[in-house]
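For reference, the structure is listed below as structure tokens.
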């Protein structure tokens, strides 16, 4: 057809392009000229408003990219996503729902743009996310039914632990992270239900159930001080840093200062030395 010939001058004519990028730019330029010839006033005019929201967002962005309004690669879109998240934080701090809605829209737009720059389809991603949530929530309900319980009335920590367990059952690649989170929520629920973290509850209290050494609290403390020194002297990827960190587990302020890192070290040590450790949910 005439349109096929017109849009592919490198195939049906003498035009030559030096790169795929140059060829795509010419393609969009030709399409833009065709739209102008149809008496439309905007590059975006013929994008159906009936499209699903995310699909339409991605179509709008792709059309704008055709005239050069686009990031060179995904890093620009990624930075924009972080920028919009910071602006959402400001709107939340101001407790302004109109601004929050506006910034949420910008955040969603930026997320869709990042998907596009990575060659992904935002609508498919959103659909799969919904299906994944549904599968895992149904698994939580089934596990709760098997225990003779319902989800209603369970603590948030217990529900989170069930969620992490559902992730393990569904996704083997999530096993290490999910088991770590499961251990963490179980320890927190069992030892420090009123604390924000195990570190906040105090090191010796948090470690008391694990019983890493059968020879008393003092020996267990020394053993765990060595464990923490080893983990704190690395970045958890096996790359050692200079020096060796010492941590006095009786120093409550030092433990609290570690915060989430303290909790992660406990979980990492359990997973390393007790590979089959999978606690039941605390009542």
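Residue numbers (this note's numbering): 695 to 977.
Each residue gets a CB set at the ideal place from its N, CA and C atoms; glycine is no exception.
For clarity, every value in this text was computed on a predicted model and none was experimentally measured.
(1) Quick check: the stretch 816 to 824 against the stretch 747 to 763, are there 3 or more CB pairs under 8 Å?
(2) Provide the residue span of the alpha helix (DSSP H) that contains residue 817, from first to last.
(3) So residue 781 packs on residue 764, CB below 8 Å; how close in whole Å?
(4) On the three-pair Cβ rule with 8 Å, is the stretch 788 to 808 touching the stretch 750 to 758?
(5) Cα separation between residue 789 and residue 841?
(6) Relative to the C-alpha of residue 811, which candidate in 770, 823, 783 has its C-alpha closest?
(7) Which first and last residues belong to the alpha helix (DSSP H) in which residue 800 is found?
(8) Specify the secondary structure class of residue 740 as computed by DSSP and reduced to three states.
(9) Does residue 849 come out as helix, strand or coil in the three-state DSSP assignment?
(10) Given residue 867, which residues of its chain have a CB within under 6 Å of its CB, disregarding the five upstream and five downstream residues?
(11) Flag this pair as yes or no: are the beta carbons of residue 785 and residue 794 separated by less than 8 Å?
(12) Taking a contact to mean a Cβ-Cβ separation below 8 Å, would you say residue 778 touches residue 797 in this structure?
(13) Where residue 861 and residue 718 are concerned, what is the direct C-alpha to C-alpha distance, given to the nearest angstrom?
(14) Please classify residue 723 as buried or exposed, where buried requires at least 16 neighbouring CB atoms within 10 angstroms.
(15) Who are the Cβ neighbours of residue 853 in its own chain at under 8 Å, not counting the five residues just before and after it?
(16) Using a 10 Å radius around the Cβ and a threshold of 16 neighbouring Cβ atoms, would you call residue 869 buried or exposed?
(17) Give the secondary structure of residue 760 by DSSP, where H, G and I count as helix, E and B as strand, and everything else as coil.
(18) Roughly how many angstroms separate the alpha carbons of residue 825 and residue 839, rounded to a whole number?
(19) If you draw a straight line from the alpha carbon of residue 829 to that of residue 767, how long is it in whole angstroms?
(20) Return the chain-ordered list of same chain residues with a C-beta closer than 8 Å to the C-beta of residue 738, the five sequence neighbours on each side being excluded.
(21) Where does residue 745 sit, in a helix, a strand or coil, going by DSSP?
(22) Would residue 856 pass as a contact of residue 836 if the rule is Cβ separation under 8 Å?
(23) For residue 760, which of 736, 792, 947, 859 has the nearest alpha-carbon?
(24) Is it right to say residue 859 is buried, meaning 16 or more other beta carbons lie within 10 angstroms of its own, or is it exposed?
(25) Determine the direct distance from the alpha carbon of residue 783 to that of residue 649, and round the result to whole angstroms.
(26) Considering only residues of the same chain and omitting the five flanking positions on each side of residue 741, which have a CB-CB separation below 7 Å?
(27) Reducing DSSP to helix, strand and coil, say where residue 857 ends up.
(28) Check residue 951 in the structure and name its three-state DSSP category.
So, to answer that:
(1) yes
(2) Within the chain shown, numbered from 1, the residue matching residue 817 stands at position 123. Taken as a continuous stretch (DSSP letters only), the alpha helix (DSSP H) holding residue 817 covers 816 to 840.
(3) The residue labelled residue 781 in the question sits at position 87 within the chain shown. The residue labelled residue 764 in the question sits at position 70 within the chain shown. Actually they are not in contact, since the Cβ atoms of residue 781 and residue 764 sit about 21 Å apart, beyond 8 Å.
(4) yes
(5) In the chain shown, residue 789 corresponds to position 95, counting from 1. In the chain shown, residue 841 corresponds to position 147, counting from 1. Straight-line Cα distance between these residues: approximately 41 Å.
(6) Position 117 of the chain shown holds residue 811. Of 770, 823, 783, the residue nearest in Cα terms is 770.
(7) The residue given as residue 800 occupies position 106 in the chain shown. Element bounds for residue 800: 791 to 811.
(8) What you label residue 740 is simply residue 46 of the chain shown in a count that begins at 1. It is coil, neither helix nor strand.
(9) Your numbering for residue 849 matches position 155 in the chain shown. Coil.
(10) Locating residue 867 in the chain shown gives position 173, counting from the first residue. Because the pLDDT at residue 867 is just 47, under 50, the model does not fix this residue reliably, and the point stays unresolved.
(11) The sequence position of residue 785 within the chain shown is 91, counting from 1. The sequence position of residue 794 within the chain shown is 100, counting from 1. Cβ atoms of residue 785 and residue 794: closer than 8 Å.
(12) One-based indexing of the chain shown puts residue 778 at position 84. One-based indexing of the chain shown puts residue 797 at position 103. Their beta carbons are under 8 Å apart, which means residue 778 touches residue 797 by this criterion.
(13) The residue you call residue 861 lines up with position 167 of the chain shown. The residue you call residue 718 lines up with position 24 of the chain shown. About 41 Å.
(14) Residue numbering aside, residue 723 sits at position 29 when the chain shown is read from its first letter. Under this definition residue 723 is an exposed residue.
(15) Taking the chain shown and counting its residues from 1, one reaches residue 853 at position 159. 834, 845.
(16) What you label residue 869 is simply residue 175 of the chain shown in a count that begins at 1. Residue placement at residue 869 is poorly supported in this model, since its pLDDT is 48, which falls under 50; the coordinates are not used for a value here.
(17) The residue you call residue 760 lines up with position 66 of the chain shown. Residue state, collapsed to three classes: coil.
(18) On the chain shown, residue 825 is found 131 positions in, with the first residue counted as 1. On the chain shown, residue 839 is found 145 positions in, with the first residue counted as 1. The straight-line gap from Cα to Cα measures roughly 21 Å.
(19) Within the chain shown, numbered from 1, the residue matching residue 829 stands at position 135. Within the chain shown, numbered from 1, the residue matching residue 767 stands at position 73. Their Cα atoms are separated by approximately 34 Å.
(20) On the chain shown, residue 738 is found 44 positions in, with the first residue counted as 1. Excluding positions up to five away in sequence, the list reads 754, 757, 758.
(21) Numbered from 1 along the chain shown, position 51 holds the residue referred to as residue 745. Three-state result, residue 745: coil.
(22) Working through the chain shown from its first residue, we reach residue 856 at position 162. Working through the chain shown from its first residue, we reach residue 836 at position 142. The answer is no: Cβ separation not under 8 Å.
(23) Position 66 of the chain shown, counted from the start, is the residue given in the question as residue 760. Closest by alpha carbon: 736.
(24) In the chain shown, counting from the first residue as 1, residue 859 sits at position 165. Per the 10 Å Cβ criterion, buried.
(25) The question about residue 649 has no answer here: the residues shown for the chain are numbered 695 through 977.
(26) Counted from its first residue, the chain shown places residue 741 at position 47. For residue 741, where only same-chain residues beyond five positions count, the Cβ hits under 7 Å are 750, 753, 754, 757.
(27) Locating residue 857 in the chain shown gives position 163, counting from the first residue. Three-state result, residue 857: helix.
(28) Taking the chain shown and counting its residues from 1, the one referred to as residue 951 is at position 257. Looking at residue 951 - three-state DSSP - the assignment turns out to be helix.
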